[in-house]
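J.:
There are 2 protein chains.
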Amino acid sequence: MQNIPIYALQAIQKTLERHIRLTDQEFEFLTQHLTWRKLRKRQFLLQAGEVCRYNFYVVKGCLRMYEIDETGRERVLHFATENWWTGDLYSFLTQMPTSFHIECMEDAELLQIEQQCMENLYTQIPKLERFFRILVQNSLIATHRRLISIMSRSATERYYEFIEKYPDLEQRVANHHIASYLGIAPESLSRLRKEYMNKK
Amino acid sequence: MQNIPIYALQAIQKTLERHIRLTDQEFEFLTQHLTWRKLRKRQFLLQAGEVCRYNFYVVKGCLRMYEIDETGRERVLHFATENWWTGDLYSFLTQMPTSFHIECMEDAELLQIEQQCMENLYTQIPKLERFFRILVQNSLIATHRRLISIMSRSATERYYEFIEKYPDLEQRVANHHIASYLGIAPESLSRLRKEYMNKK
DNA sequence: CGAAAATTTGACATGACTCAACTGGAGTGG
DNA sequence: CCACTCCAGTTGAGTCATGTCAAATTTTCG
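Chain order of the listed sequences is E and W.
Each step along the first sequence adds one to the number in my numbering, with nothing skipped, and position 3 is 3.
Heads up: take any position in the second sequence, counting from 1, add 1000, and you land on my numbering.
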């Protein structure tokens, strides 16, 4: 197995430090359960039907997690870039097959933790249970906001919200994926974009 | 302070047992941090601007948590009935003022845990940290589903989904609150209902 | 019983979708 | 390095689901 580069360890350490403080021993112990992974553009980290065995931390790159609905249309649930986590929590926890795909939109570098290890880690380092609880809580809060947003705001408003919140993604991510994330047709997004350009 | 009735303790115990197993001592310890609360219809458990200091477990009754958006319109984020939990996680955690209201739609009986106590409880009984992590995770999964649903399905489909999933709420909750939950106009819901009745 | 609120109904408006055609740029192979 | 293909993005026209507003009716509750 390939060694984990130092910058990746530093990155995840910094991310952890935002919520918990680990001793060097604890961090060392944690890193023994991390695996280093590199993927190229268009590769899948996860495909529908598989069980999601890992939780992924993005060191570099840009990924999207999406579902294909009954009508065959893709629905982007979220994007993940540097220092974000991704994975299908539901599948991860229940060990049921996932309904999601996670695809690299750019070459990517990741750290992964296996589900099995997580349980051990929680026992060995209770602080990690805290970390992941907070992570999930934040995720829930963000999803609530998005739900409210999609329920109360027009396509235009949601688009403006998006470019304000994620100016970088606007640049990195293909238009039709953003449209899918916002829950609008790519054609509509194209028109919104045009309108927005004219205003400026 | 009023004593907690036995049926309330039994209810919460049963709910906890779905994910963790506490010893009698642990449960006893937990109950010392619970407060019993009764509310009447139309009373507020939480109002925008307050800090949400508690996590609430519903023993009896039916509540709604909602936000008032920029246009003055109510958006129902969720309903809570028997054996559900409610509260504003974000405010609860950050101790920032909430933007939500939680209102009783029927006379209600609740158990509440104070945020401060939670932290102690987690330390004393790590299993509880697990319980709440799982709770939040399930909540996140449900919210993801709802997001996908609102993005990919028509108002009709969402309504059918709702009555299938929560046949009891359909009965207990006012029409316009369900409309708000589904993200549609009350008039539209009324029409969907009519259509649905004709079909049957 | 009566006032206020909720629901229903009708008429109309419109934002966003669909489908189809066109444009432009990136990637590929000769 | 050009020509060709393919996919993403743009644009236009027409449609439809759902929203809005207003009025009528029913229900709720003091």
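Just so it is clear, CB atoms sit at the ideal spot from N, CA and C, and this is done for glycine as well.
Predicted, not measured: the structure shown is a model, and the values here were computed from it.
For Q1047 (chain W), does the count of other Cβ atoms within 10 angstroms reach 16, so buried, or fall short, so exposed?
T.: As a working note, residue 1047 (chain W) is residue 47 in the second sequence. Q1047 (chain W) is exposed by the Cβ-count criterion.
J.: Can you check whether the CB of E74 (chain E) is closer than 8 Å to the CB of S190 (chain E)?
T.: On the first sequence, position 190 is the one that residue 190 (chain E) refers to. On the first sequence, position 74 is the one that residue 74 (chain E) refers to. For S190 (chain E) and E74 (chain E), no; Cβs fall outside 8 Å.
J.: By the criterion of Cβ-Cβ separation under 7 Å, what are the contact partners of F1132 (chain W) in chain E?
T.: In the second sequence, counting from the first residue as 1, residue 1132 (chain W) sits at position 132. What F1132 (chain W) touches in chain E: R133.
J.: Identify the contact partners of S1188 (chain W) in chain E, using a Cβ-Cβ distance below 8 Å as the criterion.
T.: Here residue 1188 (chain W) refers to the residue found at position 188 of the second sequence. Within 8 Å Cβ-Cβ: nothing; S1188 (chain W) doesn't reach chain E, min ~13 Å.
J.: If you check the beta carbons only, do L9 (chain E) and A108 (chain E) fall under 8 Å apart?
T.: Reading the first sequence from its first residue, position 9 is the one you call residue 9 (chain E). Reading the first sequence from its first residue, position 108 is the one you call residue 108 (chain E). Cβ atoms of L9 (chain E) and A108 (chain E): not closer than 8 Å.
J.: Given this structure, state the Cα-to-Cα distance separating C104 (chain E) from Q112 (chain E), to the nearest angstrom.
T.: For the purposes of this step, residue 104 (chain E) is taken as the residue at position 104 of the first sequence. For the purposes of this step, residue 112 (chain E) is taken as the residue at position 112 of the first sequence. Answer to the nearest angstrom: the Cα atoms are 15 Å apart.
J.: How would you label G72 (chain E), buried or exposed, when you count the other beta carbons within 10 angstroms and need 16 or more for buried?
T.: Taking the first sequence and counting its residues from 1, the one referred to as residue 72 (chain E) is at position 72. That one is exposed.
J.: Would a C-beta distance cut-off of 8 Å place R64 (chain E) and H177 (chain E) closer than the cut-off?
T.: Mapped onto the first sequence, residue 64 (chain E) falls at position 64. Mapped onto the first sequence, residue 177 (chain E) falls at position 177. Yes, they are a contact pair.
J.: What are the boundary residues of the alpha helix (DSSP H) that E1157 (chain W) is part of?
T.: Counting from 1 along the second sequence, the entry for residue 1157 (chain W) is found at position 157. That run of the alpha helix (DSSP H) goes 1155-1165.
J.: I'd like to know whether the C-beta of S1139 (chain W) is nearer than 8 Å to at least one C-beta of chain E.
T.: For the purposes of this step, residue 1139 (chain W) is identified with residue 139 of the second sequence, where counting begins at 1. Answer yes: the Cβ-Cβ gap between S1139 (chain W) and chain E drops below 8 Å somewhere.
J.: Near L45 (chain E), what residues of its chain come up, given a Cβ to Cβ distance below 6 Å and the 5 sequence neighbours on each side ignored?
T.: Translated into positions along the first sequence, residue 45 (chain E) becomes position 45. Contacts found: I102.
J.: Quick check on the burial criterion: 16 or more other C-beta atoms within 10 angstroms. Buried or exposed for Y54 (chain E)?
T.: On the first sequence, residue 54 (chain E) is found 54 positions in, with the first residue counted as 1. Y54 (chain E) comes out buried.
J.: Comparing the C-beta of S1154 (chain W) with each C-beta of chain E, is any distance below 8 Å?
T.: Translated into the one-based positions of the second sequence, residue 1154 (chain W) becomes position 154. Answer no: the Cβ-Cβ gap between S1154 (chain W) and chain E never drops below 8 Å.
J.: Using DSSP's beta-bridge definition, name the partner residues of P97 (chain E).
T.: Counting from one through the first sequence, the residue named residue 97 (chain E) turns up at place 97. Looking at the DSSP assignment, P97 (chain E) forms a beta bridge with E:V51.
J.: As an exercise, report each continuous alpha helix (DSSP H) stretch of at least 4 residues that is fully enclosed by the segment 19-63 of chain E, in chain order.
T.: Complete alpha helix (DSSP H) runs here, min 4: 24-31.
J.: V173 (chain E) CB to nearest chain W CB: under 8 Å?
T.: For the purposes of this step, residue 173 (chain E) is identified with residue 173 of the first sequence, where counting begins at 1. Not closer than 8 Å to any Cβ of chain W, the Cβ of V173 (chain E) fails to qualify, so no.
J.: Would T62 (chain E) and T81 (chain E) be called neighbours here (beta carbons separated by less than 8 Å)?
T.: Working through the first sequence from its first residue, we reach residue 62 (chain E) at position 62. Working through the first sequence from its first residue, we reach residue 81 (chain E) at position 81. In the sequence on display, residue 62 (chain E) carries Cys and not Thr. Going by C-beta atoms, C62 (chain E) is nearer than 8 Å to T81 (chain E).
J.: Any heavy atom of the ligand PLP closer than 7 Å to the Cβ of I148 (chain E)?
T.: Summarising the ligand content, the structure contains no ligands, and the ligand PLP is consequently not present.
J.: CB-CB under 8 Å to Y1169 (chain W), same chain, minus the five flanking residues each way: which ones, in chain order?
T.: Counted from its first residue, the second sequence places residue 1169 (chain W) at position 169. One point to set straight first is that residue 1169 (chain W) is Leu, not Tyr, in the sequence displayed. The residues are C1062, F1079, T1081, F1162, I1178.
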